[in-house]
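Protein chains in written order, with the working numbering: chain Z, 69 to 235; chain C, 563 to 661.
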C-alpha cells in the first residue's frame, strides 16, 4: 500500500472534522415549530386561565368549565402531538460525550425556574390572585420557550461542536 | 515509546468508511437513512460498507419497528471509537511530520 502523504492526511483530518460537525448539527436539529407549538400552548393555557372570570361572567359557569376543560384537552393533545412528531423526526442522538452536561441542564433549569417564580411572585403581589399568578407564570414560560428555544438549541449545538473538536 | 502512526487503520482510511465512522463518532445512534443521506451512498453501497465495518467489530446494527415501519440504526462500538481515535492520531502524526 502506498504510504499516506501529509497532504492526504490533512485532507482526511478535515473530512473527519466536517463529518463530526455534520453529525452534531443533525443531533441538535429541533425545528422552530416545536418551540413555537410548546410556547404557544403555554400562552393559550395562561390566556384561558386569565379569561376564565370574564367567560364565567358573560357566558355562565357551564361555558367556563367547558372552555377550561376543552382547552386543557386541546393543549394536552397538542403537546403530545408536538413531542411525538419531533421524536419521530429524530434521526441521530448525541453520544454522552457530546450531549449537554448535567451542569448545563441544571443551570438552564435554575435560570428558567427563577424567572418563572419571579413572574409568579410579582403577579401575585400585584393582583393578589394565585390563579392569575399561575397563568402569568405559564405565559412567561411560554414566551421563554418561543423566544429562547432556537437560541438555546444553537448554544447546545455550538457547545457540542466544541466538545467534538476537542475530542 | 509507541509511534502514533502505528494507529493508522487501513480499513477506516478508505474515504467512505472514514466518513461513516466520523459521522457516527459523536452520536449514540444514527438512522441508516441519515447516514446514507449524509455520506451520499445508495442503500446497497452503504449496506456493504456497514457490513465490512460490522465484521471488523467497529459498528453495531440495530433493527427495530417503529409502528409498522422497520427502522435500522447504526452505532459506533467502543472498538470502532478507539480505532478512529488511533487513526486520527496517526493522521496528525503524519501531518506533523511534514512541519
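Glycine included, each C-beta is placed from N, C-alpha and C at the ideal position.
When the alpha-carbon of residue 201 of chain Z is set against those of Z:97, Z:86 and Z:185, the nearest one is in Z:185. Sorting C:636, C:656 and C:657 by C-alpha distance to the C-alpha of residue 595 of chain C places C:636 at the top. In the DSSP assignment, residue 636 of chain C forms a beta bridge with C:592 and C:623.
Residues of chain Z with a Cβ closer than 7 Å to the Cβ of residue 656 of chain C are, in chain order, 72, 74 and 77. The beta carbon of residue 104 of chain Z lies closer than 7 Å to those of 214 in the same chain, with the five residues before and after it left out. Around residue 626 of chain C, no beta-carbon contact reaches into chain Z at under 7 Å, the shortest distance being about 13 Å. Listed in chain order, the alpha helix (DSSP H) runs fully inside the segment 169 to 234 of chain Z are 170 to 195 and 198 to 234, counting runs of at least 4 residues.
With respect to the 9 Å criterion, residue 218 of chain Z and residue 150 of chain Z are not classified as neighbours on the basis of their beta carbons. Residue 161 of chain Z is bridged by DSSP to C:591.
Under the Cβ distance rule, residue 232 of chain Z counts among the residues neighbouring chain C, one pair being separated by less than 9 Å. Separation of the CB atoms of residue 221 of chain Z and residue 93 of chain Z is rounded to 11 Å, and the pair is thereby denied contact status at 8 Å.
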